[in-house]
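Numbering (the numbering used here), first residue to last: 3 to 185. All residues carry an ideal CB built from backbone N, CA and C; glycine is no exception. Have a look at the structure below, then the notes.
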């Protein structure tokens, strides 16, 4: 179980530190539309221009004769191949992000995916553990009430290791997990 939890943590911490999700420790939040624009303006269009500029039909423009260039010439074909891979990958990401624009809440999706991954590990090792939002505990007069339960407590411990500054999963999110996964 420890190895499985470590794998989940590694996967989601990698996403957390590289994706703008409005979560502590990660990059500042960036709207999906701004990410799409960045891909189009800063990667796709420049990559297309470079691929065209390095193409065979533009080769005469790159002629070095009669100059003597001391630095090593780059591998033009390899550059074109790598730029094409970059363009194709950026284009695929742009299309996927553009398809999301109406929903536009990747933070909730991230938390649901994390909850699902942790739930799978817990269910694999503790099949009898019921997915539950817990029960409301009013607490004492000086405490604020909160939802409590075995599943919620175990999830909170796991989440605290992965997202130490973002607090426990809300019982509403656990309710969404339950709807998605069943009891």
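- Query: Looking at residue 18 and residue 112, is the spacing between their C-beta atoms short of 9 Å?
  - Reply: Translated into positions along the chain shown, residue 112 becomes position 110. Translated into positions along the chain shown, residue 18 becomes position 16. Result yes, Cβ atoms of residue 112 and residue 18 sit closer than 9 Å.
- Sequence-distant residues of its chain with Cβ nearer than 7 Å to residue 191 (five each side left out): As shown, the chain starts at 3 and ends at 185. That puts residue 191 outside it, with no answer to give.
- Message: In this structure, how does DSSP classify residue 60 when only helix, strand and coil are distinguished?
- Response: For the purposes of this step, residue 60 is taken as the residue at position 58 of the chain shown. Three-state result, residue 60: helix.
- Message: Could you tell me which whole alpha helix (DSSP H) segments of length 4 or greater appear in the region 78 to 125?
- Response: Counting whole runs of 4 or more residues, the region 78 to 125 contains the alpha helix (DSSP H) stretches 78 to 102.
- Message: Can you tell me whether residue 3 is buried or exposed? The criterion is at least 16 other CB atoms within 10 Å of its CB, across all chains shown.
- Response: If you number the chain shown from 1, residue 3 lands on position 1. Residue 3 is classed as exposed because its beta carbon has fewer than 16 other beta carbons within 10 Å across all chains shown.
- C-alpha gap between residue 60 and residue 35, whole angstroms: Within the chain shown, numbered from 1, the residue matching residue 60 stands at position 58. Within the chain shown, numbered from 1, the residue matching residue 35 stands at position 33. Between residue 60 and residue 35, the C-alpha separation is close to 34 Å.
- Message: Between which two residues does the alpha helix (DSSP H) holding residue 157 run?
- Response: To locate residue 157, count along the chain shown from 1; it is residue 155. DSSP places residue 157 in the uninterrupted alpha helix (DSSP H) bounded by 152 to 164.
- Rounded to whole angstroms, how far is the Cβ of residue 96 from the Cβ of residue 46, which I believe are closer than 8 Å? On the chain shown, position 94 is the one that residue 96 refers to. On the chain shown, position 44 is the one that residue 46 refers to. Right, their Cβ atoms sit about 7 Å apart.
- Query: Going by DSSP, which residues form a beta bridge with residue 138?
  - Reply: Here the question's residue 138 lines up with position 136 in the chain shown. DSSP lists 149 as the beta-bridge partner residues of residue 138.
- Task: Measure from the alpha carbon of residue 108 to the alpha carbon of each residue in 8, 5, 37, then state which is nearest.
- Result: Position 106 of the chain shown, counted from the start, is the residue given in the question as residue 108. The alpha carbon of residue 108 has as its nearest neighbour, out of 8, 5, 37, the alpha carbon of 37.
- Query: Just the Cα atoms here: how many angstroms apart are residue 48 and residue 24?
  - Reply: As a position in the chain shown, residue 48 is number 46, starting the count at 1. As a position in the chain shown, residue 24 is number 22, starting the count at 1. The C-alpha of residue 48 lies about 29 Å from the C-alpha of residue 24.
- Query: Among residues of its own chain, excluding the 5 on either side of residue 15, which ones have a beta-carbon nearer than 7 Å to its beta-carbon?
  - Reply: Translated into the one-based positions of the chain shown, residue 15 becomes position 13. Excluding positions up to five away in sequence, the list reads 164.
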